[in-house]
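Residue numbers (this note's numbering): -11 to 300.
Ideal placement from N, C-alpha and C gives every residue a C-beta, glycine not left out.
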């Protein structure tokens, strides 16, 4: 039987001597799967832009600005993963000893330096396109650092799921603010209440996924799940479904698809997945909310918005 402490020290020593680029590459492979994060970042940026164009009754076509927005979202998602790794250090030392920071694959200083680089890149590329969107990214970065410091100062904050989501979720809203300031600042659409309300649509859609992955029928006491909070097993499941329904209901109110072509109704096909997830979980057939269905909801919703915007 291997001695955990001894094995960890050998691993830390070995990875610590590897070239920095190789270690960063290994780190990305462990926490930032390109197939997932890049796809999601591109879909999120394009879906928001397409939906905003739909609110103005136009037809969406990708542009250089679309590329900048997609790249910014991808870089921001990486920035958030870097922050998460720092915030989870104390928890991971006990529950996830194979995490990159715990094994010594990367150091806290290296994570901070990478965070500065990603923050600078996300801000700088947006200045020529829409200066106010660069300000929005700067606010997002600043708020992320504030949440990181609060969590490091009080690690228990991360364990209190409902409190943590209240404190941390404004980061997701600020991503929406960035997209709004970018599409309006680059004159893709005119500023207005409809494209602004899309921020809530995408925030609610992501909350469905966030709650789905932490909703279980037999939660561990003190575990990082919403089922272990005052919501309870059933309340957590009902709210998980509610976020998806809210996102689509608000989207319909904003875009009024009944006044548009058949293509405008495509995004609502995505509701099949949260309804199926709710049936599986609330009926007791599944002990956890099927995370794959929640991910499919996000992907299909965003992809359908892109298609709807393209077809007009």
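For residue i, the residue or residues it bridges with in DSSP
| i | result |
| --- | --- |
| residue 139 | None; residue 139 has no bridge partner. |
| residue 204 | 276 |
Sub-8 Å separation of residue i and residue j beta-carbons
| i | j | result |
| --- | --- | --- |
| residue 74 | residue 96 | yes |
| residue 225 | residue 284 | no |
| residue 53 | residue 177 | no |
| residue 182 | residue 43 | yes |
| residue 196 | residue 174 | no |
| residue 289 | residue 258 | yes |
| residue 66 | residue 15 | no |
| residue 220 | residue 191 | no |
| residue 159 | residue 60 | no |
| residue 56 | residue 112 | no |
| residue 18 | residue 85 | no |
| residue 64 | residue 110 | yes |
| residue 155 | residue 145 | yes |
| residue 40 | residue 186 | yes |
| residue 194 | residue 286 | yes |
| residue 262 | residue 229 | yes |
| residue 274 | residue 280 | no |
| residue 147 | residue 100 | no |
| residue 62 | residue 105 | no |
Status (buried if at least 16 other CB within 10 Å, exposed otherwise) for residue i
| i | result |
| --- | --- |
| residue 137 | exposed |
| residue 149 | buried |
| residue 294 | buried |
| residue 48 | buried |
| residue 102 | buried |
| residue 30 | buried |
| residue 13 | exposed |
| residue -10 | Residue confidence for residue -10 is low, a pLDDT of 39 falling below 50, so the modelled location carries little weight; the figure read from the coordinates is stated next. By the neighbour-count rule (16 or more Cβ atoms within 10 Å), residue -10 is not buried but exposed. |
| residue -2 | Any answer about residue -2 is weak, because its pLDDT of 35 lies below 50 and its placement is not dependable; what the coordinates show is given next. Exposed, by the Cβ-count rule. |
| residue 2 | For residue 2, the predicted model reports a pLDDT of 43, less than 50, meaning its position is unreliable and no value from the coordinates is stated. |
| residue 11 | buried |
| residue 82 | exposed |
| residue 8 | exposed |
| residue 189 | buried |
| residue -7 | With a pLDDT of only 39 at residue -7, under 50, the local geometry of the prediction cannot be trusted, and no value is derived from it. |
| residue 260 | exposed |
| residue 58 | buried |
| residue 250 | exposed |
| residue 24 | exposed |
| residue 241 | exposed |
| residue 222 | exposed |
| residue -5 | Unreliable positioning characterises residue -5 in this predicted model, as indicated by a pLDDT of 35, which lies under 50. A coordinate reading is not provided. |
| residue 51 | exposed |
| residue 179 | exposed |
| residue 76 | buried |
Distance between beta carbons of residue j and residue i, contact taken as under 8 Å
| i | j | result |
| --- | --- | --- |
| residue 128 | residue 166 | 6 Å |
| residue 298 | residue 38 | 7 Å |
| residue 282 | residue 265 | 6 Å |
| residue 79 | residue 143 | 7 Å |
| residue 132 | residue 71 | 5 Å |
### Task
Specify whether the stretch 118 to 130 and the stretch 157 to 175 touch according to this definition: at least 3 beta carbon pairs, one from each stretch, less than 8 Å apart.
yes
### Query
Is the stretch 197 to 206 touching the stretch 87 to 96 in the sense that three or more CB pairs, one from each, lie closer than 8 Å?
no
### Task
Assess, as a yes-or-no matter, whether the stretch 246 to 256 is touched by the stretch 215 to 232 under the definition of 3 or more beta carbon pairs within less than 8 Å.
no
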